[in-house]
Amino acid sequence: MPNNKRHTLKTIKKRENLHPYSRKAQQLARIVMRKDKIGSKVNSKKDNIANRWLWFRYSLDDGVAYTDEKGMHELVQLYLKRHDDELAELRAQRQKTKRPKSQREHLLEATLTSEKDEYRSGMDLPDMTIRKSLEVLRQWDGDSNGMDKIRTIRLHMPSEHDKKENSGMAIDTNPDDMDTK
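Mind the numbering: the sequence shown is residues 1 to 181 in the UniProt record's numbering, read in order.
Pasting the structure below:
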């Protein structure tokens, strides 16, 4: 299929004088619908990220000036468990009636798995480890256009190696101590 479609309004000439049922009018309608569809996808993604950031903004106490990386990981764990009560309630209702999963239960499980995958690969969050960036986050009104002012970090799920180091089981990898042949 050729890629010769006109994707912008600028490429169509004489768009003011056209018949409502003409091919040009149909092209214009397709272009406008495509533009709206792309804009709504971008806005919905930004709104989801803004809602996540608002959750983190309100989850941290106002008396706390900043938090460390361990505190950030604890907040992410709380964020991932925010739907657990509703999921348990839906599962209990389903067990009583012996019915298949509801749409809401499917949606919550899909959301949970996608958020866990994102946390494994790296979740972009507002940087709450620095006092100044946390103040900017607290002054933010929740508008997706103001998100550029907030400093972000990419937080990854701690690996098994990191968990061992935190539990006091650090592995010494000093190259001077190793026997090389």
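Quick reminder that beta carbons are idealized off the backbone N, C-alpha and C, glycines included.
Note that this is a predicted model, so its numbers are computed, not measured.
From this set, the options, which residue's C-alpha is nearest residue i's C-alpha?
i, options, result
"residue 49", "140, 144, 135, 119", "144"
"residue 85", "68, 112, 99", "112"
"residue 106", "124, 87, 42", "87"
"residue 126", "90, 109, 134", "134"
"residue 64", "149, 150, 137", "137"
"residue 81", "109, 146, 121", "109"
"residue 62", "150, 139, 149", "139"
"residue 151", "160, 25, 45, 124", "124"
When you compare only the Cα positions, how much space is there between residue i and residue j?
i, j, result
"residue 141", "residue 55", "12 Å"
"residue 129", "residue 153", "9 Å"
"residue 16", "residue 33", "18 Å"
"residue 100", "residue 89", "14 Å"
"residue 75", "residue 132", "19 Å"
"residue 30", "residue 47", "25 Å"
Can you look up residue i in the DSSP assignment and give me helix, strand or coil?
i, result
"residue 31", "helix"
"residue 113", "helix"
"residue 175", "For residue 175, the predicted model reports a pLDDT of 40, less than 50, meaning its position is unreliable and no value from the coordinates is stated."
"residue 18", "coil"
"residue 36", "helix"
"residue 124", "strand"
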